[in-house]
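**Student:** Pasting a structure below so you can have a look.
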Amino acid sequence: MTDPDHGPLAQPPRPAAGIPAQVAAGAAMGVFAMQALRLGGIGGAAGGWLAASALYLGCCAMILAQMRRSYPHDRIGGCNAVTLLRAAITCALLAPLADGVAAGWAVAVAGGVALVLDGVDGWLARRSGLVSGFGARFDMEVDAAFALALALHAWLGTTLGPGVLLLGVLRYGFVAAGLALPWLRAELPQRLRRKAICVLQLGTLILLQTPLPSHAQAEFLAWFATAAVVLSFALDIRWLWRRRP
1 MTDPDHGPLA QPPRPAAGIP AQVAAGAAMG VFAMQALRLG GIGGAAGGWL AASALYLGCC
61 AMILAQMRRS YPHDRIGGCN AVTLLRAAIT CALLAPLADG VAAGWAVAVA GGVALVLDGV
121 DGWLARRSGL VSGFGARFDM EVDAAFALAL ALHAWLGTTL GPGVLLLGVL RYGFVAAGLA
181 LPWLRAELPQ RLRRKAICVL QLGTLILLQT PLPSHAQAEF LAWFATAAVV LSFALDIRWL
241 WRRRP
């Protein structure tokens with residue numbers, strides 16, 4: 001697949017000896033950000049935050065392993081450091097769920113910061129010449145996890161029913177389908193439509209964390225965004241079907 005912010009997903013790797021220390025520094029920055037969010041009022045018990053921090057550090061270890069195999073540059077740069085920070089915010093959003101605390105303005109503000117950073121990492125990658133296939137995949141996976149975390153908050157912390165979870169699981173359903181149908185795993189062309197609908201999806205989920213929309217408005221927004229995501233996947237599946245081997 002490709003990503004409009006990061007470019008082609010396949011590039012030849014080359015050695016990157018300084019990457020581990022840079023990822024460790026990014027991980028430390030992420031843990032600090034998680035603690036700032038905790039103090040900022042997202043809520044949840046200490047056990048949930050400890051588990052979320054452990055999850056984040058485990059993700060950083062996996063990211064480092066993937067970088068050793070497929071990252072083509074000799075530094076992670078600001079772009080991947082920002083994506084690591086977005087991953088930390090995503091893990092932080094999971095912490096209060098373990099204690100039954102969900103949604104609210106603090107979650108919405110944290111989500112808004114993460115959404116803004118989503119636009120920053122791609123810009124930094126292009127500006128610094130650190131565009132990579134790894135960066136595109138990393139960005140997509142963080143977006144997917146971020147959407148799932150927000151969908152869980154919207155389900156558990158608002159009057160919306162479990163249908164809102166579709167906004168968080170549709171991509172994982174597409175990936176699962178690709179395990180059975182290899183033609184779904186083929187590379188897709190770049191489409192601005194994909195990025196625009198992702199912003200609509202995440203922006204809607206962030207708004208749903210707040211008391212601003214009424215129940216009827218929230219339901220409409222959730223289903224409208226879900227329909228847009230379904231349409232985007234349907235267009236991609238049709239394109240892949242027509243070009244299957």
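In my numbering, the protein residues as written are 1 to 245.
Built from N, CA and C at the ideal position, the CB exists for glycine as well.
Predicted, not measured: the structure shown is a model, and the values here were computed from it.
(1) Could you tell me which of Pro-182, Gln-22, Cys-79 sits nearest to Leu-240, measuring between CA atoms?
(2) Can you tell me which of the three DSSP states Ile-89 falls into?
(3) For the alpha helix (DSSP H) holding Leu-50, just list the boundary residues, first then last.
(4) From Pro-72 to Val-142, what distance separates their C-alpha atoms?
(5) Report the option in Arg-244, Pro-20, Ala-52, Ala-102 whose CA atom is closest to the CA atom of Leu-188.
(6) State buried or exposed for Met-67, treating a residue as buried only when at least 16 other CB atoms are found within 10 Å of its CB.
(7) Keeping to the same chain, check which residues put their C-beta closer than 7 Å to that of Arg-193; ignore five residues upstream and five downstream.
(8) Only counting the same chain, and skipping five residues up and downstream in sequence, which positions put a Cβ closer than 7 Å to that of Arg-203?
(9) Are three or more beta carbon pairs between the segment 86-106 and the segment 34-49 nearer than 8 Å?
(10) Taking the alpha helix (DSSP H) that Ala-103 falls in, what are its first and last residues?
(11) Among Leu-55, Arg-126, Leu-50, Leu-130, whose alpha-carbon lies nearest the alpha-carbon of Asp-99?
(12) Grouping DSSP H, G and I as helix and E and B as strand, with all else coil, what is Ser-214?
(13) If you pair each beta-carbon of the segment 23-38 with each one of the segment 78-89, do three or more pairs fall below 8 Å?
(14) Short of 6 Å in beta carbon distance, which residues of its chain neighbour Gly-112, apart from the five on each side in sequence? Order them along the chain.
(15) Out of curiosity, what's the CA-to-CA distance linking Leu-124 and Gly-135?
(16) Alpha carbon to alpha carbon, how far is Gly-178 from Tyr-172?
(17) Please list the terminal residues of the continuous alpha helix (DSSP H) segment that includes Asp-143.
(18) Taking Leu-130 and Gly-77 to be in contact with their CB atoms under 8 Å, please state how far apart those CB atoms are, rounded to whole angstroms.
(19) Compare the beta carbon distance of Ala-151 and Gly-168 with 7 Å and say whether it is the shorter of the two.
(20) Buried or exposed: which applies to Ala-110, given that a residue is buried once 16 or more other Cβ atoms fall within 10 Å of its Cβ?
**Tutor:** Quick answer:
(1) Here residue 240 corresponds to residue number 240 of the sequence shown, with the count starting at 1. That would be Pro-182, whose Cα lies nearest to the Cα of Leu-240.
(2) On the sequence shown, position 89 is the one that residue 89 refers to. Three-state result, Ile-89: helix.
(3) Position 50 of the sequence shown, counting from 1, holds the residue named residue 50. Looking at the DSSP string, the run of the alpha helix (DSSP H) that includes Leu-50 is 46-70.
(4) Residue numbering aside, residue 72 sits at position 72 when the sequence shown is read from its first letter. Residue numbering aside, residue 142 sits at position 142 when the sequence shown is read from its first letter. Using only the alpha carbons, I get a separation of about 20 Å.
(5) Numbered from 1 along the sequence shown, position 188 holds the residue referred to as residue 188. Nearest of Arg-244, Pro-20, Ala-52, Ala-102 to Leu-188, Cα basis: Arg-244.
(6) Position 67 of the sequence shown, counting from 1, holds the residue named residue 67. It counts as buried.
(7) By one-based count along the sequence shown, residue 193 stands at place 193. Apart from the 5 residues on each side of it in sequence, Arg-193 sits with its Cβ closer than 7 Å to the Cβ of Ser-232 in its chain, given in chain order.
(8) In the sequence shown, counting from the first residue as 1, residue 203 sits at position 203. The identity of residue 203 in the sequence shown is Gly, whereas the question assumes Arg. A distance below 7 Å between beta-carbons, with the five flanking residues on each side excluded, links Gly-203 to the following residues of its chain, in chain order: Leu-115.
(9) yes
(10) Taking the sequence shown and counting its residues from 1, one reaches residue 103 at position 103. First-last for Ala-103: undefined, no H or E at that position.
(11) Looking up residue 99 in the sequence shown gives position 99. The shortest C-alpha separation from Asp-99 is found at Leu-50.
(12) Counted from its first residue, the sequence shown places residue 214 at position 214. Residue state, collapsed to three classes: coil.
(13) Between the segment 23-38 and the segment 78-89, the count of Cβ pairs shorter than 8 Å is three or higher; the stretches touch.
(14) The residue labelled residue 112 in the question sits at position 112 within the sequence shown. So the qualifying residues of the chain are Ile-206.
(15) On the sequence shown, position 124 is the one that residue 124 refers to. On the sequence shown, position 135 is the one that residue 135 refers to. So the two alpha carbons sit approximately 11 Å from each other.
(16) Sequence index remark: in the sequence shown, residue 178 carries index 178 (1-based). Sequence index remark: in the sequence shown, residue 172 carries index 172 (1-based). Each residue's alpha carbon lies about 10 Å from the other.
(17) Indexing the sequence shown from 1 puts residue 143 at position 143. Start and end: 133-157.
(18) Here residue 130 corresponds to residue number 130 of the sequence shown, with the count starting at 1. Here residue 77 corresponds to residue number 77 of the sequence shown, with the count starting at 1. That pair is a contact at about 4 Å.
(19) As a working note, residue 151 is residue 151 in the sequence shown. As a working note, residue 168 is residue 168 in the sequence shown. Yes, they are a contact pair.
(20) Mapped onto the sequence shown, residue 110 falls at position 110. So Ala-110 ends up on the buried side.
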